[in-house]
Amino acid sequence: MSQRGVVWNTSPNPTTSNSGTLSGSGNGPFTAQLNELTPNSTYYVRAYAINSSGTAYGNELNFTTTSNSNVNNDALNPQLNYGTVSDIQGNSYATIVIGEQEWMAENLRVTTYSNGDVIPNLPTPSNWLNSSSGVWSHYSNDTAYEIPFGKLYNWYAVSDERNVCPTGWHVPSDAEWGDLFQYLGGPSLEAEGALKSVGTEYWLPPNSNATNSSGFSGVGGGALAGNQFAMLYSTGSWWSSTEHSAQYAWCRDLTFSNGYSNFAYGDKTYGLSVRCIRD
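Residue numbers (our numbering): 89 to 367.
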């Protein structure tokens, strides 16, 4: 029985300066999966084995990772490096580290809770007013809005203990939203613009002050408010997990016109977008 594994680095000779080591034990052929590699980077890798005779290395190989934009979302900032996370249904989302937090950089699209229980689709807006359990809908019930706007959820889906987010992630509290904005400079044009995708593909013009420098890639996904769909391309609204009162819960808005974020609350029966944050 020998110890074996692979070592890798972004420069030749990974045996002398390792950026990663994956070890195990056994005899004969083996496979290894390298995780959390940086996109668009060249890596050098060697297999090794250690036994009573010493350490032996295999031939040095190299490969170049591809762009991490395989999530098919051109609202992202191409200058930044994104991670990925998948929900229980296999939907893949770009993720971005902002300060000490890691956020989804896309709106949630799942139709089940993390335990597999179904979140019902409720296509008739007027029926949302009477709902006291979790439901979802596409904007105007049109699946063409799935990418990048995701789905709209009422707050009862957000607050359900079965967790609408992938395992290891959760809907951010209002305090966690506050930490995000504070890290970007507080309630300023620059900070709010840093959260919005650039251009006018997913926002009405002029999409003021948008830079997406944070990588958050907020889009104007609209809402289901009262008994109608509204504000597509003009406003992005995201739930927090924090209750305001028996009828309302806290949320955050971005708009196309001034770049400011609104510290707001919405009726729990409204349909808003959802972002998740890592536990």
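By construction, the Cβ of each residue, glycine as well, lies at the ideal position given by its N, Cα and C atoms.
Proximity below 7 Å, CB of GLY256 to CB of ASP341 | no
So CYS339 packs on HIS258, CB below 8 Å; how close in whole Å?
-> No, CYS339 and HIS258 are not in contact; Cβ-Cβ is about 16 Å, not under 8 Å.
In terms of residues, what are the limits of the alpha helix (DSSP H) holding GLU190?
-> Here GLU190 belongs to no alpha helix (DSSP H); instead the beta strand (DSSP E) covers 189 to 192.
Per-residue DSSP class, three states only, for ILE176 = coil
Let me know the secondary structure DSSP gives TYR271 once reduced to three states.
-> helix
Could you name the residues of the same chain whose beta carbon sits closer than 6 Å to that of GLY281, not counting the 5 residues immediately before and after it, in chain order?
-> ASN297, ALA298, THR299 and GLY347
Taking only runs that begin and end inside the stretch 301 to 359, name each unbroken beta strand (DSSP E) of 3 or more residues, in chain order.
-> 309 to 313, 316 to 320, 323 to 331, 336 to 343 and 349 to 355
Nearest-angstrom Cα distance between TYR132 and THR323?
-> 46 Å
Coil, strand or helix - THR299 by DSSP = coil
Based on Cα-Cα distance, which residue from GLU278, TRP243, LEU277 and ASN147 lies nearest to SER261?
-> TRP243
Are the stretch 289 to 296 and the stretch 173 to 181 touching by the rule of at least three beta carbon pairs closer than 8 Å?
-> no
Rounded to whole angstroms, what's the CA-CA distance from GLN335 to PRO213? Just pull it up for me.
-> 18 Å
Please check the pair ASN229 and PRO211, which I expect to be a contact at CB under 8 Å, by giving their CB distance rounded to whole angstroms.
-> 5 Å
Presumed contact (8 Å Cβ cut-off) between ARG250 and SER202, rounded CB distance | 6 Å
Jot down the residue ranges of each uninterrupted alpha helix (DSSP H) in the stretch 181 to 253, minimum 4 residues, whole runs only, in chain order.
-> 213 to 216, 234 to 237 and 243 to 246
Of all the options PHE317, GLU264 and LEU283, which has the alpha carbon lying nearest to the alpha carbon of LYS239?
-> PHE317
Distance CB(ASN165)-CB(GLY287) smaller than 7 Å = no
In the structure shown, what three-state DSSP assignment does LEU149 receive?
-> strand
DSSP state of GLY256, grouped into three classes?
-> coil
CB contact below 7 Å: THR343 versus chain C | The structure shown contains no chain C; it holds only a single protein chain.
For ALA232, I'd like the list of residues in its chain whose CB is within less than 7 Å of its CB, leaving aside the five on either flank, ordered along the chain.
-> none
Which residues does DSSP pair with ALA144 in a beta bridge?
-> ALA137
With which residues is SER113 paired in a DSSP beta bridge?
-> GLN91
If we ignore side chains and look at the alpha-carbon of each, how far apart do ASN295 and SER247 end up?
-> 31 Å
What is the rounded straight-line gap between the Cα of VAL362 and the Cα of THR330?
-> 13 Å
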